[in-house]
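Encoded as C-alpha cells, the structure appears first; notes follow it.
2 protein chains.
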Amino acid sequence: MARESTCRFAILGMLCREPMSGYDLRSAIERSVGHFWQESYGNLYPTLERMAEERLVELEPEERSPGGRVRKVYRVTAAGRTALAEWLRRPVLPHVERNELLLKLFFGARVGPADSLAQVERSRAEAEALLAALRLIDEDVRHSRKDDPEFAYWYLSIRAGLLGLEAHLRWCDEAREALERLKPATGSTKKRGAR
Amino acid sequence: MARESTCRFAILGMLCREPMSGYDLRSAIERSVGHFWQESYGNLYPTLERMAEERLVELEPEERSPGGRVRKVYRVTAAGRTALAEWLRRPVLPHVERNELLLKLFFGARVGPADSLAQVERSRAEAEALLAALRLIDEDVRHSRKDDPEFAYWYLSIRAGLLGLEAHLRWCDEAREALERLKPATGSTKKRGAR
DNA sequence: CACCGGATATATCAGCCTGATATATCCGGA
DNA sequence: TCCGGATATATCAGGCTGATATATCCGGTG
C-alpha cells in the first residue's frame, strides 16, 4: 500500500545534524550523499510541507533577513527523530535498479557494434570522471573528518562508490573487447551493412 | 521538457523479436532483462495505448481465443523500428541511482552498529542469492544460445550483473568488518548473539 | 459433473519523484 | 547603477510503482 516517501527520511537525517531551509537541504544532500542520493526542489518543498503538518519537522521562529526576505528554516521534532530511527532499522526492500545502458546494449544488435561501443566508451569516460572526483572526496574526508564519530558510517558509502565504479570500469574494458571482436573484419571500414 | 518514457523502447525492442500482448511483454522482459529492467502493468498498458495512437505499434488483426476472450497482440511498425534504432544510438544521460541501503548506513550512527550490520547482512544474503541465480542463467545462455547472433549483446548484461554483484559482496565484507570494529569492544556480550 | 485455484489478461488509481519553468530577492563587482 | 550569479520558494506535466479490481481459461480433484 502507501509507498513511503524516502525523501522524508533523507530530510530527517539531514535536519538531525542542523536546522535548514529546503534550499540548504538540497545542497547539504548533494554535498554529502550526492554520489548515491539526490533530491529535487519539486520533491523537497511539498514534502517539507507535509512533514510539518505531520509534526515530523517544524519551522524555526520567523528568522528573516533584514530586508524581510522569506526563508523557512526547518528543525526536526522528537517525533521526527523517532520516525527516522524506526526507518533506519527497517529492512531495505529489494528493488531492481533500471539500467538504461544495459537495455540499449541488450538490443544493440539492431544497430551494430559501433554504436554499442560508443555507448560503452561514453559510460567509461563518465565513470572515470566520477571515480576521480570520489577519490578526491575520499582523500579529503580521510584527513579532515577522520576523528568525527560518524566517520566510519560515511566512509562506507565512499567505499561502496569506489568499489562499484572500479567494477564498472573493468566491465567496460571487457565489453569494449567483446564489441570490438564483433566489428566486421578490421582494415577496410567501409562495408555498408545494408539490412 | 518532455521526459521520454523509456518504457516505450523496452516495448519496441521486445516487439521487434515477436508480436506480443501486454501480459506477454511483462514476462518476456522479466525473463530476458529482469535483472536490470522491469516493467509494471500499470506502466505497460497505458504506454501501449499511447504508442498505438502514435503508430509505433499496431494491433494484430483480432486474434481471439475460441471463447471470445480478449487478447490484444501488438506488433511493431516501421516507424517503431526507426524510433528504436534512433534511441539505441542516442547517448544515455547520466543519472545518479538512489541507493537506500547507503542512505540508511550514512545515518547509521543514529541507531548504532548492530542495526547497520543487520542491513549489510541482509543485503549480502540478497546479493548472494541473485548471484547464484545469475550464474545459472549464465550457464544456460552460454550453452543454449551461444550460436545466436545476439549472444554477444546479451552476454554483456550478464557480465555486468556478475561483476557488479561480486563487487557488492566484497563491499559487504569490508563493511561488516568496519561495523564490527565499532561494536562496544566487550567480549562480555556473549559469543553467539541471540537473533 | 461441479468446484477450485492458479495462470492468463486488461485496466485504473494514488502517490512518489524528476526535470522544467516561473518568480523574486540579495549582494558583490564593474 | 546595473548586472549576473547565488539564494530561495513554488508549481506542474508526465513517468513510473505497487496496489487493487475484474474477468476468463483450464487442468485437477472430489
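Each protein sequence line maps, in turn, to chains A and B.
Take 1 as the starting number for the first sequence in our numbering and just add one per residue.
Take 196 as the starting number for the second sequence in our numbering and just add one per residue.
Think of the CB as a built atom: it goes at the ideal place given N, C-alpha and C, for glycine as much as any other residue.
Q | chain B residues whose Cβ lies nearer than 7 Å to that of A/E150 | A | What A/E150 touches in chain B: A304.
Q.
Could you tell me the alpha carbon to alpha carbon distance between A/L103 and B/C202, rounded to whole angstroms?
A. Their backbone Cα atoms lie some 11 Å apart in a straight line.
Q: Return the residues of the segment 30–54 of chain A that lie within a Cβ-Cβ distance of less than 9 Å from chain B, sorted by chain order.
A: Contacts with chain B (Cβ-Cβ distance below 9 Å) from the segment 30–54 of chain A involve S32, V33, G34, H35, F36, W37 and Q38, listed in chain order.
Q.
If contact is defined by three or more beta carbon pairs under 8 Å, each pair taking one atom from either stretch, is the segment 70–80 of chain A in contact with the segment 268–278 of chain B?
A. With the rule of 3 Cβ pairs closer than 8 Å, the segment 268–278 of chain B does not count as touching the segment 70–80 of chain A.
Q: Can you say whether A/A10 is buried or exposed, counting buried as having 16 or more other CB atoms within 10 angstroms of its CB?
A: Counting the other Cβ atoms within 10 Å of the Cβ of A/A10 gives 16 or more, which makes it buried.
**Q.** Under 9 Å by beta carbon: chain A residues contacting B/L377
**A.** The answer, in chain order, is A152 and Y153.
**Q.** Helix, strand or coil at B/E199 according to DSSP, with G and I counted as helix
**A.** It is coil, neither helix nor strand.
Q. Taking Cβ positions only, does B/P289 come closer than 7 Å to chain A?
A. It does: the Cβ of B/P289 has a partner Cβ on chain A nearer than 7 Å.
Q. What span of residues does the beta strand (DSSP E) with B/E253 cover, start to end?
A. B/E253 -> beta strand (DSSP E) spans V252 to L254.
Q) Would you call the CB atoms of A/A127 and A/L179 closer than 7 Å? A) No, Cβ-Cβ distance for A/A127 and A/L179 is not below 7 Å.
Q: For A/G164, decide whether its Cβ has a neighbour in chain B, counting only Cβ atoms nearer than 7 Å.
A: Interface residue, yes.
(Q) Using 7 Å as the threshold, is the C-beta distance between B/A280 and A/R110 below it? (A) Contact flag set, yes.
**Q.** Partner residues on chain A for B/A328, Cβ-Cβ distance less than 9 Å
**A.** What B/A328 touches in chain A: nothing, since even the nearest Cβ is about 12 Å away.
Q: With a threshold of 16 other CB atoms inside 10 Å of the CB of B/K385, please say whether the residue is buried or exposed.
A: Note that B/K385 scores 47 on pLDDT, short of 50, meaning its location in the model is unreliable; the coordinates nonetheless yield the value given after this. Exposed, since its Cβ has fewer than 16 Cβ neighbours within 10 Å.
Q: Check each residue of the segment 311–323 of chain B: if its Cβ is closer than 9 Å to any Cβ of chain A, include it; give the result in chain order.
A: Cβ contacts with chain A: S311, A313, Q314, V315, R317, S318 and E321.
Q. Does A/K146 have its Cβ less than 7 Å from a Cβ in chain B?
A. No, no contact with chain B.
Q.
Alpha carbons only, please: which of A/A52, A/V92, A/R26 and A/A28 is nearest the one belonging to A/E4?
A. The candidate whose alpha carbon is nearest that of A/E4 is A/V92.
Q) Quick one: what does DSSP say B/V268 is sitting in, helix, strand or coil? A) It is coil, neither helix nor strand.
Q. Is the CB of A/E4 under 7 Å away from at least one CB in chain B?
A. For A/E4, the answer is no, since every Cβ of chain B falls outside 7 Å of its Cβ.
Q: Consider the C-beta atom of A/D148 and the heavy atoms of the ligand HEM; say whether any pair is separated by less than 6 Å.
A: Among the ligands in the structure shown, none appear at all, so the ligand HEM cannot be discussed.
Q. Near A/V141, what residues of its chain come up, given a Cβ to Cβ distance below 8 Å and the 5 sequence neighbours on each side ignored?
A. Excluding sequence neighbours, A/V141 sits near F151, W154, Y155 and I158.
(Q) Counting beta carbon pairs with one atom in the segment 11–26 of chain A and one in the segment 43–51 of chain A, are three or more of them shorter than 8 Å? (A) Yes: the two stretches touch, three or more of their Cβ pairs being nearer than 8 Å.
Q. Quick one: which chain A residues come within Cβ less than 8 Å of B/A205?
A. Result: L103.
Q) Closest to A/S123 by CA distance: which of A/E139, A/A133 and A/H168 is it? A) Here the closest residue by C-alpha is A/H168.
Q) Using the rule of at least 16 other Cβ atoms within 10 Å of the residue's Cβ for burial, across every protein chain shown, is B/P291 buried or exposed? A) The sequence shown places Val at residue 291 of chain B, rather than the Pro named in the question. Burial state of B/V291 is exposed, judged by a 10 Å Cβ sphere holding fewer than 16 other Cβ atoms.
**Q.** Given A/K183 as reference, the closest of A/K146, A/H143, A/A118 and A/D148 once Cα atoms are compared
**A.** That would be A/A118, whose Cα lies nearest to the Cα of A/K183.
Q: For the alpha helix (DSSP H) containing A/K104, list its first residue and its last residue.
A: Counting along the chain, the alpha helix (DSSP H) containing A/K104 begins and ends at E100 to F106.
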